[in-house]
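J.: Residue numbers (my numbering): 500 to 744.
The beta-carbon is built from N, C-alpha and C at its ideal position, and this holds for glycine as well.
All of these numbers come straight from a predicted model, not from anything done at the bench.
1) Quick check: residue 714 and residue 723, are their CB atoms within less than 7 Å of each other?
2) What residue range is occupied by the uninterrupted alpha helix (DSSP H) comprising residue 635?
3) Residue 642 to residue 597, Cα distance in whole Å?
4) Name the residue from 720, 629 and 648 whose alpha carbon lies nearest to the alpha carbon of residue 499.
5) Using the Cα positions of residue 673 and residue 665, report the straight-line distance between them to the nearest angstrom.
6) How should residue 591 be labelled, buried or exposed, when 16 other C-beta atoms within 10 angstroms of its C-beta is the threshold for buried?
7) What does the alpha-carbon distance come out to for the pair residue 657 and residue 609?
8) Classify residue 725 as buried or exposed, calling it buried when 16 or more other Cβ atoms lie within 10 Å of its own Cβ.
9) Let me know the secondary structure DSSP gives residue 649 once reduced to three states.
10) Using CA atoms only, rank isn't needed, just tell me which of 620, 719, 675 and 708 is closest to residue 699.
11) Within a Cβ cutoff of 6 Å, which residues of the same chain sit near residue 659, ignoring the five residues on either side of it in sequence?
12) Please classify residue 661 as buried or exposed, where buried requires at least 16 other C-beta atoms within 10 Å of its C-beta.
13) Report all residues from its chain with a CB closer than 8 Å to the CB of residue 548; omit the five preceding and five following residues, and keep chain order.
14) Mapping the DSSP letters down to three states, classify residue 630 as helix, strand or coil.
15) Can you say whether residue 644 is buried or exposed, counting buried as having 16 or more other CB atoms within 10 angstroms of its CB?
16) Sort out for me which residues DSSP pairs residue 659 with in a bridge.
17) Quick one: what's got a C-beta closer than 7 Å to residue 692's C-beta in the same chain, skipping five residues either side?
And the structure:
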């Protein structure tokens, strides 16, 4: 770029800045003139001021500042400059978030896990930490209780699993810490004669963190008294009147 071109460009940029500043000055003058020329409202009796009541912000000052800001932005854009965009807030990875805390309450009935003769038996319950509930909810009954089958069917969705054994009339309470990557919790009861559709449930971990989970273990099925089971009507999962197979 030769000297003459630089001089012309400098003059052009100077003209643009001057024009923009003039526009800002005119806008400011018009705004002030408008405020000054607004008709006055006849004064009446003073209204009492409630203690602690904040005064309303001045809309005229807000409008004036907005006009000045717009004119300044226009001036910067005219010379190829503009205010830098504010970057979005960085997303916090799940690994940096605190664990969920899920409070469990499980109540075993007197007639827990009955056999063909009506005898109550102990019941194994397995609790799963899952990234997704889909494979868990589609798996067959014989998948569960076998670690190798569970791993093969659930794959990378399986974050962890623990087991507890209930006896009739037992009351079990626990608090599980669940990593953020495990967005779902699953529960399976390994009944001797399980009632279809009532031996397995999945829950949102975030929801369970807020409400906790209260579960009833009965003769051949589980009931959910506190918690929202995924894909199940509340009226169904809360019912304890169930015919065993």
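T.: Here's the rundown:
1) yes
2) 633-637
3) 32 Å
4) A query on residue 499 cannot be resolved here, the shown segment of the chain reaching from 500 to 744 and no further.
5) 13 Å
6) exposed
7) Distance from the CA of residue 657 to the CA of residue 609, rounded to the nearest whole angstrom, comes to 32 Å.
8) exposed
9) Here residue 649 sits in helix by DSSP.
10) Of the candidates 620, 719, 675 and 708, the one whose C-alpha sits nearest the C-alpha of residue 699 is 719.
11) Shown here for residue 659: same chain residues with a beta carbon closer than 6 Å to its own, the five before and five after excluded, namely 628 in chain order.
12) exposed
13) Here the model assigns residue 548 a pLDDT of 48, short of 50, so the residue's position is not dependable and the matter cannot be decided.
14) coil
15) exposed
16) 628
17) Correct list, in chain order: 719, 743 and 744.
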